[in-house]
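Student: Numbering (the numbering used here), first residue to last: 734 to 1188.
Sharing a structure, written as structure tokens. Questions coming.
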Amino acid sequence: MTVRPHPDPAHVAALTAREEARFLTEGPRSAALLARARTHMPQGVPMSWMATMHGHPPVFVDHGAGAWFTDVDGRRFLDMNQADLSVNCGYAPPAAVRAIADRAGRGSQFMLPTEDAIWCAEELARRWELPYWQFTLSASGANAEIIRLARHATGRDRLLLFDGKYHGHIDDSLVMLRENRVVPELAGLGLDAAARARVVAYNDLAAVEHALAPRDTALVFVEPALTNIGVVLPEPGFLEGLRDLTRRYGSLLAFDETHTQVAGPGGLKRAWSLDCDAVGLGKSVGGGIAIGAYGMSEALARHLIAPPVVPGAPMESVGGVATGGTLYGNALAMAACRATLEAVLTPENFARTARLGARLADGIDAAFRAAGFPWSAQRLMGRSGFTFAERPPRNAAEARALARPDLHRLLRLHMANRGVWESVATAGPTVSIPMSEADIGFYLERFDAFVAALG
Ligand SMILES: Cc1ncc(COP(=O)(O)O)c(C=O)c1O
């Protein structure tokens, strides 16, 4: 095989300009809606990421069904990112739609438990092998409560996080390393959160031990595989090493499985037989309805149970820990979650997405080989990222050094103009539950065309 050099940046820029012009020309109704929307919403969107994450104006959506959605201009897209995996269950999964309609017709929110909540907690306990569960409205909400619970349980303040992580919109974890100092990651965040966190490189157990040694860390929070800087897989022994070190230094260990839950029932914790004190979830366990959930050990749950509820005490003081929200654990979310776990996120469906994920990664590798580029696909069950480099990165610094934002931008536009939506192109494509062999073939044909165009 002749190995080609990286594509010429000028060629990539010219292709990108052509693809972007086509993409915008083919979306006149979205453009008109955006012009109207700007009057009352900053940047014309209800949530700012919608305007900023693609590098071009957003499309307005009409509807979605299964693995596909349709925009207001009638363009159909095979969705390979599923709104950052928040609908990996697919759009409008029929079982969830029926349960949601039924529950909505009988009242969606009571600030009281429904029986569905028991079913969901029982099922999640079985899948993640953690006995106690609580529900929020998002993974951010779940992770924020894990952090508070850990601080309360250990009497310590510090968090240990990993460079390249994302755990949601929480001040405590929206921090990053800059010139070896921990600083707020975005504007509007207090400086004090950064002072309470340490950030070290993924896959570096020596750095973890050094950070835990002062014995002031409440919680080590980690994704079992980093998923917000492409995919970075743990090296053998890394996650087990975290368990040993957290035990040795009296810290708690939580896995954020918000994204890695697409690996199977019980996420990577179950797939890789891992041990931890808490797990944070969200996104597609709600079948498209807002939800977050976290599971915890019995020892941790005790802090939510004692002291007993004092009649007349303010709600937020139950158990002493600052948890809860008016709509958390609402009847609609619990009904949607139950139906989704029961009928959509089933072991059989996860086994299928893992098989299709392997086919996807094989196809990506084949496209790179055929074009002579020395690049490689990554494999994480249904999720198949790739690096524009010969070997995958082992931490965020390596991932940043290998990143080719210009190629990812071109990929997004090239695919979108041919009916494939990759909202977060750097994430790599992920198989959703309703996808078929034909959908994977559809994606790979377009991926081949993208790689060929680079030559
Ligand atoms: C690993 C991880 N944790 C937590 C979150 C937060 O999820 P949400 O924005 O739904 O609260 C995300 C979102 O992308 C995530 O990737």
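Glycine included, C-beta positions come from ideal geometry on N, C-alpha and C.
Remember, it's a predicted structure, so these values are computed and weren't measured experimentally.
Can you tell me which of G760, V778, A1186 puts its alpha carbon nearest to the alpha carbon of A1104?
Tutor: That would be A1186, whose Cα lies nearest to the Cα of A1104.
Student: Taking G1115 as the reference, which of E759, W782, M813 has the closest Cα?
Tutor: Nearest of E759, W782, M813 to G1115, Cα basis: M813.
Student: In angstroms, rounded to a whole number, what distance separates the CA positions of L845 and A883?
Tutor: Using only the alpha carbons, I get a separation of about 26 Å.
Student: Run through the region 847 to 889 for me and flag every whole alpha helix (DSSP H) of 4 or more residues, listed as ranges in chain order.
Tutor: Qualifying alpha helix (DSSP H) stretches, in chain order: 848 to 861, 872 to 887.
Student: In chain order, what residues of the same chain have a beta carbon less than 7 Å from the beta carbon of H902, not counting five sequence neighbours either side?
Tutor: The answer, listed in chain order, is S873.
Student: Does the distance between the C-beta of E1170 and the nearest non-hydrogen atom of ligand 1 fall short of 7 Å?
Tutor: Outside the cutoff, so no.
Student: Does ligand 1 have a heavy atom nearer than 7 Å to the CB of Y899?
Tutor: For ligand 1, at least one heavy atom lies less than 7 Å from the Cβ of Y899.
Student: Assign N961 to one of two classes, buried (16 or more other C-beta atoms within 10 Å of its C-beta) or exposed (fewer than that).
Tutor: Burial call: buried.
Student: Can you check which of these residues, G799, R762, R809, is closest to N1150 by C-alpha distance?
Tutor: Nearest of G799, R762, R809 to N1150, Cα basis: R809.
Student: In this structure, does DSSP put A770 in helix, strand or coil?
Tutor: Residue state, collapsed to three classes: helix.
Student: From L1014 to W782, what does the alpha carbon distance come to, in whole angstroms?
Tutor: Each residue's alpha carbon lies about 21 Å from the other.
Student: On the DSSP bridge list, what partners appear for A1011?
Tutor: According to DSSP, which records beta bridges pairwise, A1011 is partnered with A987, M1029.
Student: Can you tell which of L1135, R1092, A1129, T1086 has its C-alpha closest to the C-alpha of W701?
Tutor: The chain is shown only over 734 to 1188; residue 701 falls outside these bounds and no answer can be derived.
Student: To the nearest angstrom, report how far apart S1050 and D1172 are at their CA atoms.
Tutor: In this prediction, S1050 has a pLDDT of 48, which is less than 50 and means its spatial position is unreliable; nothing more can be read from the coordinates.
Student: Quick one: which unbroken alpha helix (DSSP H) runs of 4-plus residues sit fully inside the region 894 to 969? Chain order, please.
Tutor: Listed in chain order, the complete alpha helix (DSSP H) runs (minimum 4 residues) inside the region 894 to 969 are 924 to 928, 938 to 945.
Student: Are the region 1113 to 1130 and the region 929 to 947 in contact at 8 Å, needing three or more beta carbon pairs?
Tutor: Yes, they touch.
Student: Would you say the beta carbon of E956 comes nearer than 7 Å to a heavy atom of ligand 1?
Tutor: Checking every heavy atom of ligand 1 against the Cβ of E956, one is found closer than 7 Å.
Student: Hey, is T872 close to ligand 1, as in C-beta under 7 Å from one of its heavy atoms?
Tutor: A small correction: the amino acid at residue 872 is Ala; Thr does not occupy that position in the sequence shown. At least one heavy atom of ligand 1 is nearer than 7 Å to the Cβ of A872, so yes.
Student: Please list the terminal residues of the continuous alpha helix (DSSP H) segment that includes A1200.
Tutor: Any property of residue 1200 remains undetermined from this structure, which presents the chain solely from 734 to 1188.
Student: For the candidate residues H992, G760, M774, A1132, whose alpha-carbon lies nearest to that of G963?
Tutor: The candidate whose alpha carbon is nearest that of G963 is A1132.
Student: Could you check the C-alpha separation between R825 and M786 for me, to the nearest Å?
Tutor: One point to set straight first is that residue 825 is Ala, not Arg, in the sequence displayed. Approximately 24 Å between the Cα atoms of the pair.
Student: Just to confirm the assignment: which complete beta strand (DSSP E) runs, minimum length 3, are found wholly within the region 762 to 847?
Tutor: Listed in chain order, they are 794 to 798, 801 to 804, 809 to 812.
Student: Mind checking M1048: buried by the 16 CB within 10 Å criterion, or exposed?
Tutor: With a pLDDT of only 46 at M1048, under the threshold of 50, the placement of this residue in the model should not be trusted; the figure read from the coordinates follows. Exposed, because fewer than 16 other Cβ atoms sit within 10 Å of the Cβ of M1048.
Student: Compute the Euclidean distance between the alpha carbons of W861 and L1177, then round it to the nearest angstrom.
Tutor: Cα-Cα distance, rounded: 33 Å.
Student: For L698, name the three-state secondary structure that DSSP assigns.
Tutor: No answer is possible for residue 698: it lies beyond the span of the chain, which begins at 734 and ends at 1188.
Student: Does the distance from the CB of R881 to the CB of D949 come in under 8 Å?
Tutor: No, Cβ-Cβ distance for R881 and D949 is not below 8 Å.
Student: With a 10 Å radius around its C-beta and 16 neighbouring C-beta atoms as the bar for buried, classify F843 as buried or exposed.
Tutor: Its Cβ having fewer than 16 others within 10 Å, F843 is exposed.
Student: Determine which residues share a DSSP beta bridge with S1109 and list them.
Tutor: Bridge partners of S1109: T1120.
Student: Could you tell me the boundaries of the alpha helix (DSSP H) in which P1125 lies?
Tutor: Where P1125 is concerned, there is no enclosing alpha helix (DSSP H), given that its DSSP letter is neither H nor E.
Student: A712 to F971, Cα distance in whole Å?
Tutor: Past the boundaries of the shown model lies residue 712; the chain is included only from 734 to 1188, so the question cannot be answered.
Student: To the nearest angstrom, how far is it from the Cα of T979 to the Cα of L893?
Tutor: Rounded to the nearest angstrom, the two C-alpha atoms are 10 Å apart.
Student: Which residue from V1164, F802, L1146 puts its Cα closest to that of G997?
Tutor: Checked all of V1164, F802, L1146; the closest Cα to G997 is V1164.
Student: Going by C-alpha distance, which of A1091, Y1061, A768 is nearest S871?
Tutor: For the residues A1091, Y1061, A768, the minimum Cα distance to S871 belongs to Y1061.
Student: Among D1139, S1169, F793, which one has its Cα closest to the Cα of T1159?
Tutor: When each option's Cα is compared against that of T1159, the closest is D1139.
Student: Given S841, which residues of its chain have a CB within under 8 Å of its CB, disregarding the five upstream and five downstream residues?
Tutor: Only N1063, A1064, L1065 meet the Cβ criterion.
Student: Could you check which residue in A1055, V1018, T1086, S1117 has the C-alpha nearest to that of A958?
Tutor: Checking every option, the nearest Cα to that of A958 belongs to S1117.
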